[in-house]
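> Got a structure here, written out as structure tokens. Questions coming.
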Amino acid sequence: MIAYAEEKKWSQVMQKIDVQSSTDKADTEPALEVMAPGKMPFCLGGMKLWENLVEHVHTAQYSARKNDWEASIRVGRTLLFLHHYMMLSNDYQAAIEDMLSFGSSDDYWRGNTLYEDELGRLSLIRLYPGTPVPLHDHPGCEGAMMVISGSVEIQRYTLQSQTQKGSWGEIVGLDMNPERFLEQYDTTLFGKLRNNIQGLNSRTPDTVILKVQSPSEFKNEQNWYYPLGDVSEDNMLSAKRVRARNPV
Numbered sequence: 090m091i092a093y094a095e096e097k098k099w100s101q102v103m104q105k106i107d108v109q110s111s112t113d114k115a116d117t118e119p120a121l122e123v124m125a126p127g128k129m130p131f132c133l134g135g136m137k138l139w140e141n142l143v144e145h146v147h148t149a150q151y152s153a154r155k156n157d158w159e160a161s162i163r164v165g166r167t168l169l170f171l172h173h174y175m176m177l178s179n180d181y182q183a184a185i186e187d188m189l190s191f192g193s194s195d196d197y198w199r200g201n202t203l204y205e206d207e208l209g210r211l212s213l214i215r216l217y218p219g220t221p222v223p224l225h226d227h228p229g230c231e232g233a234m235m236v237i238s239g240s241v242e243i244q245r246y247t248l249q250s251q252t253q254k255g256s257w258g259e260i261v262g263l264d265m266n267p268e269r270f271l272e273q274y275d276t277t278l279f280g281k282l283r284n285n286i287q288g289l290n291s292r293t294p295d296t297v298i299l300k301v302q303s304p305s306e307f308k309n310e311q312n313w314y315y316p317l318g319d320v321s322e323d324n325m326l327s328a329k330r331v332r333a334r335n336p337v
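Heads up, the sequence shown is in the numbering used here, so the first residue is 90 and it goes up one at a time.
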């Protein structure tokens, strides 16, 4: 939880944003006040942050080709700003506490969709040490993940172009990209092609990730990728691709 002084600071900052947004959009955009499954109580300022975040995720993919780290930092700032803003909501605080309340699990992870619209999906993911999430893709989507509790190791791969239209269960080739080790408030990106395939391995017992992906719906079914051997000297990995029954 954030301290009262920090909460007051963010409240003052967001109040200014809300006033400006209300002035600009009061006649055309109503506030979202309904709290329902998958719906966060964003006011106008929160919606502005959400729209900016999705836009930053899309534009960062171009700069990520040259400097993935810097692009992740830029998106991370917006994602962290949105996280602090939502911490002013009791519902968001309760959602995080609910994730952390689960101890060891027979599942690889637990997920909770916080908000979803035509722009994308915002969700929380709880990870457990010793039960890594296998390699999986995000078909037709790009997005970002920020650690809000604990730390995680992320394996990142890009599907080779000649295998992108293969059938379910076929053997595919993956190009390995540098792994990322993320601590609290670190962010990583995944594009529609580059780094779209990822594996998650929690390094602490309290790992929770805030994830944004756009668009909200997969254009195709999500897939698992099961390695068939070790990574080669030229950073290539052969894997069997199968349809995921429990998407991340």
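Backbone N, C-alpha and C define an ideal beta-carbon position, used for all residues, glycine too.
Could you please give me the residues that DSSP links to D262 through a beta bridge?
The sequence shown places Gly at residue 262, rather than the Asp named in the question. BP columns for G262 point to S327.
> Looking at D226 and N312, is the spacing between their C-beta atoms short of 8 Å?
In this structure, N312 lies near D226, with their beta-carbon atoms less than 8 Å apart.
> Do L203 and T276 count as a contact pair if the criterion is CB distance below 8 Å?
no
> Just to check my reading of the structure: V337 and I214 have Cβ atoms closer than 8 Å, yes? What is that Cβ distance to the nearest angstrom?
7 Å
> For D264, which residues from the same chain have a beta carbon less than 7 Å from its beta carbon, with the 5 sequence-adjacent residues on both sides left out?
Y246, T247, Q249, N324, M325
> Take H145 and list the residues in its own chain whose beta-carbon comes closer than 7 Å to its own, dropping the five residues that flank it on each side.
Excluding residues within five positions, the ones whose Cβ falls inside 7 Å are R163, V164, T167.
> Using 10 angstroms around the beta-carbon of Y174, count the other beta-carbons present and answer buried if the total reaches 16, otherwise exposed.
buried
> For R163, which three-state DSSP category applies?
helix
> Determine, using beta carbons only, whether I298 and L224 come nearer to each other than 8 Å.
no
> When you compare each of M136, F191, L211 to P304 by their alpha carbons, which one comes out closest?
Ranking M136, F191, L211 by Cα distance to P304 puts L211 first.
> By the 10 Å Cβ neighbour count, where 16 or more other Cβ atoms means buried, how is E122 classified, buried or exposed?
Low per-residue confidence applies at E122: pLDDT is 34, beneath 50, and the placement is therefore not dependable enough to give any value.
> Would Y181 pass as a contact of M235 if the rule is Cβ separation under 8 Å?
no
> Whole angstroms are fine: how far does the CA of L177 sit from the CA of E159?
For E159 and L177, the distance between alpha carbons rounds to 28 Å.
> If you run the structure through DSSP and keep just helix, strand and coil, what is L211?
strand
> Could you give the residue range of the alpha helix (DSSP H) that holds S240?
Note, S240: premise wrong, no alpha helix (DSSP H); not H, not E.
> Can you tell me which of V320, V261, G232, S291 puts its alpha carbon nearest to the alpha carbon of L142?
G232
> Figure out for me which residue from L189, V261, E310, N266 has the closest Cα to the Cα of R283.
N266
> Can you tell me whether Q302 is helix, strand or coil according to DSSP?
strand
> Taking only the alpha-carbon atoms, compute the straight-line gap between T220 and L317 and give it to the nearest angstrom.
19 Å
> Assuming contact is defined by CB atoms lying nearer than 8 Å, are L208 and F170 in contact in what I supplied?
no
> Here's the rule: buried if 16 or more other CB atoms are within 10 angstroms of the residue's CB, otherwise exposed. What is F191?
exposed
> Mind reading off the beta-carbon distance from P293 to G229? Whole number of angstroms is fine, and I expect it under 8 Å.
Per the sequence shown, residue 293 should be read as Thr rather than Pro. The C-beta distance from T293 to G229 rounds to 32 Å, too long to meet the 8 Å contact threshold.
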